[in-house]
Amino acid sequence: MIFLRRQGPLLVTLITGLVFAAQYYVPHPASEQMLTSVTKWLQIIGGFALVLGVSSLFHVHAAKIRRKEAGWGYSFVLYVGMLGTIALGFWSNGKEAIDGTMTAFGWIYNYMMVPLQGTMFAILAFFIASAAYRSFRARSREAAVLLIAAVIVMMGRVPLGEYLIPISGDLSQWILNVLNASVRRAILIGVSLGTVALSIKIIFGMERSYLGGGKE
Amino acid sequence: MPIETIIGGWVATGLTLFIFSFLYKDNPLFKLAENLYVGVSVGYTIIKTYDTVVVQLIWKPIVENGEWTLLIPVAIGMLMLTRYVPKAAWISRYAFAFIVGVGSGLAIPRTISSFILKQIEDTVRPLLTLIPGEGVTFTWSLLNPASSVNTIIILIGVSSVLFYFFFSVEHRGPGKVVARTGIMFLMIAFGAAFGYTVMARMSLLIGRLTDLIEFTDPSYGRPSLWLAGLTILTLVVMARRSRSHPPEEK
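As they're listed, the protein sequences go chains X and U. Position in the first sequence (first residue = 1) + 16 = this note's numbering. Position in the second sequence (first residue = 1) + 1034 = this note's numbering.
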């Protein structure tokens, strides 16, 4: 039983890890078919992971409503929004539009989700601006470089900026395509080395935190 | 104009203004819109996942094409749900082990190929270009990311940033110069990312304001004006109430 609980999952990880690492080097149609199938499998299994996440959200807000904690009314609003969207989604077969006509689910998407999402992210513009005003003073050489790069990119992305500083458009493109690309590339190489190291540790059972706690 | 469009205009305007009211201060109208956003987003994700996974990936292939092997990932997915039964929770480890094992196995060769070797290959490019009619040339154009001068700049940027994050060697002497160059490249990239993000958010803000202007149209019943007045009035009333009844200190 201990083997099934502890070594069994590690064995599954070892075998699947080695098989799918080797798959890359086998250019046979059967190998390609195996990759296509497992990609679909992962999508299906991922769907079940959503059940875990959503049920956790359900529990947290249900407990708030049951105990009538402060702000329980907002949890009720959350429930109404979620269950209403789910009901209309099933009613519309999960489609926003059928034959070019907007469904009730499409109405929710267009007149509730899009404005809410857009405004949530739009107000960040104000907070970023105020944070920049407070902390963006050129107190060191590095901060000055950061400030100048930000201003050039901002100016280069709007017609008014290009009108005021004609070179800002080209300069902005150069910063994004050359200087920014080189940094992104270096970070990507570093992150990739870390990913490979972590994957090797997981496959060989040196990293086990993904198995979670609970009874052994 | 269809009635659902008019109602939609009123709802979209109201929710937009409720979220914007947070710029004044945290208030019940914002909290209402915020929780509604979470609820609607979760509901939308559930429906989309149901449609993609249950209908398109499981039900239709099994019923229409007889792909019974798809019951294997369904069974593995079901193992995850044993998390709800404390005594059987360990069974869910098999589902996680499968996902993580496959993910790690797939990641190793693909990451090495696409994100390490390919990136190094693109960084270490020939400095001289063969242009038909002109022969071998060193190109100075800054605007062309593939020019010779940009190749040198990219090489310096990648090497210096990688060196800056390499802590096995103390950054002294020439190493300090290289690390400082890496910091400068990083600062420029952070500044560019900041500027880019600000402009993206500005674009969203312009989109929301454009909608609010559109909804001042009489054909919608001028929801922007009515609801802006109502929101401001509500905030004023709430501010007065909280001033006359200050919250008790715990």
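Note that the Cβ used here is the ideal one computed from N, Cα and C, for glycine as well.
Per-residue contacts from residue i into chain U (C-beta, under 8 Å)
i, result
"Glu-158(X)", "Ile-1217, Met-1218, Met-1221"
"Pro-25(X)", "Arg-1127, Tyr-1128, Phe-1130, Ala-1131"
"Trp-107(X)", "Ordered by position in chain U, no residue passes the 8 Å Cβ test against Trp-107(X), which lies about 10 Å from the chain."
"Leu-68(X)", "Met-1114, Leu-1115, Arg-1117"
Residues that residue i bridges to, as DSSP identifies them
i, result
"Met-118(X)", "Ala-113(X)"
"Leu-1164(U)", "Val-1170(U)"
6 Å CB neighbourhood of residue i in its chain, flanking five on each side removed
i, result
"Gly-33(X)", "Ile-219"
"Ser-1182(U)", "Leu-1161, Phe-1172, Thr-1173"
"Pro-1257(U)", "Gly-1043, Trp-1044, Thr-1047, Phe-1249"
"Val-1192(U)", "Thr-1157"
"Tyr-1254(U)", "Ile-1040, Gly-1043"
"Gly-122(X)", "Glu-112, Ala-113"
Within chain U, partners of residue i - CB distance below 9 Å
i, result
"Lys-239(X)", "Lying outside 17 to 232, the shown extent of chain X, residue 239(X) is not represented and no answer is given."
"Val-42(X)", "Residues of chain U passing the Cβ test: none, with the nearest at roughly 11 Å."
"Ile-114(X)", "Per Cβ cutoff of 9 Å: no residues; Ile-114(X) is ~13 Å from chain U at best."
"Gly-221(X)", "The premise fails here: Gly-221(X) is roughly 10 Å from chain U at the closest Cβ pair, so nothing lies under 9 Å."
Beta-carbon neighbours of residue i, restricted to chain U and to distances below 7 Å
i, result
"Ile-61(X)", "Pro-1107, Ile-1110, Gly-1111, Ala-1129, Ile-1133"
"Asp-186(X)", "Leu-1177"
"Gly-206(X)", "Leu-1196, Phe-1199"
"Thr-29(X)", "Ala-1131, Val-1134, Gly-1135"
"Gln-49(X)", "Chain U residues near Gln-49(X): none, gap ~11 Å exceeds 7 Å."
"Ile-124(X)", "Val-1074"
9 Å Cβ cut-off: residues of chain X touching residue i
i, result
"Leu-1066(U)", "Gly-89, Tyr-90, Val-93"
"Ser-1075(U)", "Gly-97, Met-98, Thr-101, Met-129, Leu-132, Gln-133"
"Ile-1040(U)", "Those do not exist, as Ile-1040(U) stays about 10 Å from chain X at its closest Cβ, beyond 9 Å."
"Phe-1254(U)", "The sequence as given places Tyr at residue 1254(U); Phe does not occur at that position. Within 9 Å Cβ-Cβ: nothing; Tyr-1254(U) doesn't reach chain X, min ~12 Å."
"Ile-1150(U)", "Leu-204, Ile-205, Ser-208, Leu-209, Val-212"
Sequence-distant residues of its chain with Cβ nearer than 7 Å to residue i (five each side left out)
i, result
"Ser-184(X)", "Ile-168, Met-171, Gly-172, Gly-177, Glu-178"
"Glu-1101(U)", "Pro-1095"
"Met-1114(U)", "Ser-1126, Ala-1129"
"Leu-51(X)", "Gln-39"
"Leu-214(X)", "Glu-223"
"Phe-1219(U)", "Gly-1191, Ser-1194, Val-1195"
"Ala-120(X)", "Leu-104, Trp-107, Ser-108"
Exposure of residue i, with buried meaning 16 or more beta-carbon neighbours within 10 Å
i, result
"His-77(X)", "buried"
"Gly-1013(U)", "Past the edges of chain U, shown from 1035 to 1284, lies residue 1013(U), and the structure says nothing about it."
"Gly-87(X)", "exposed"
"Gly-69(X)", "exposed"
"Trp-190(X)", "buried"
"Leu-180(X)", "exposed"
"Ile-1110(U)", "buried"
"Val-1271(U)", "exposed"
"Tyr-277(X)", "Absent from the structure is residue 277(X), since the part of chain X shown begins at 17 and ends at 232."
"Arg-83(X)", "exposed"
"Gly-1225(U)", "buried"
"Arg-1117(U)", "buried"
"Ile-1165(U)", "exposed"
"Arg-155(X)", "exposed"
"Trp-57(X)", "buried"
"Ser-1055(U)", "buried"
"Leu-1239(U)", "buried"
"Arg-1275(U)", "exposed"
Residue i CB to nearest heavy atom of the ligand MN below 6 Å
i, result
"Gln-189(X)", "For the ligand MN, the structure offers nothing, since it holds no ligand at all."
Listed by chain order, chain X residues near residue i by CB distance under 7 Å
i, result
"Phe-1224(U)", "Leu-162"
"Val-1136(U)", "Thr-32, Phe-36, Val-54, Leu-58"
"Thr-1145(U)", "Ser-208, Thr-211, Val-212"
"Asn-1184(U)", "Val-194"
"Thr-1050(U)", "Pro-131, Thr-135"
"Leu-1063(U)", "In chain order: nothing, as chain X lies at least about 11 Å away."
Cβ shell of residue i (< 8 Å), same chain only, five flanking positions each side left out
i, result
"Tyr-125(X)", "Glu-112"
"Phe-1052(U)", "Leu-1063, Phe-1064, Leu-1066, Ala-1067, Thr-1265"
"Pro-25(X)", "Leu-227"
"Asp-1245(U)", "Ala-1046, Thr-1047, Thr-1050"
Proximal chain X residues relative to residue i, where beta-carbon distance stays under 8 Å
i, result
"Val-1232(U)", "Ala-141, Ile-144, Ala-145, Ala-148, Ala-166, Met-170"
"Arg-1285(U)", "The structure shown does not extend to residue 1285(U), since chain U spans only 1035 to 1284, so no value can be given for it."
"Asp-1060(U)", "Result: empty, since nearest Cβ-Cβ is about 12 Å, beyond 8 Å."
Practice prompt. Please confirm if the stretch 1072-1084 of chain U is in contact with the stretch 128-141 of chain X, defined as three or more CB-CB distances below 8 Å between the two stretches.
Written response: yes
Practice prompt. Please determine if the stretch 1229-1240 of chain U and the stretch 1206-1216 of chain U are in contact, where contact requires at least 3 C-beta pairs separated by less than 8 Å.
Written response: no
Worksheet item: Quick check: the stretch 1101-1114 of chain U against the stretch 192-206 of chain X, are there 3 or more CB pairs under 8 Å?
Response: no
Discussion item. With three or more beta-carbon pairs closer than 8 Å as the criterion, would you say the stretch 1200-1210 of chain U touches the stretch 90-106 of chain X?
Written reply: Not touching, per the Cβ criterion.
Discussion item. Any contact between the stretch 42-62 of chain X and the stretch 1050-1070 of chain U? By contact I mean 3 or more CB pairs, one from each, below 8 Å.
Written reply: no
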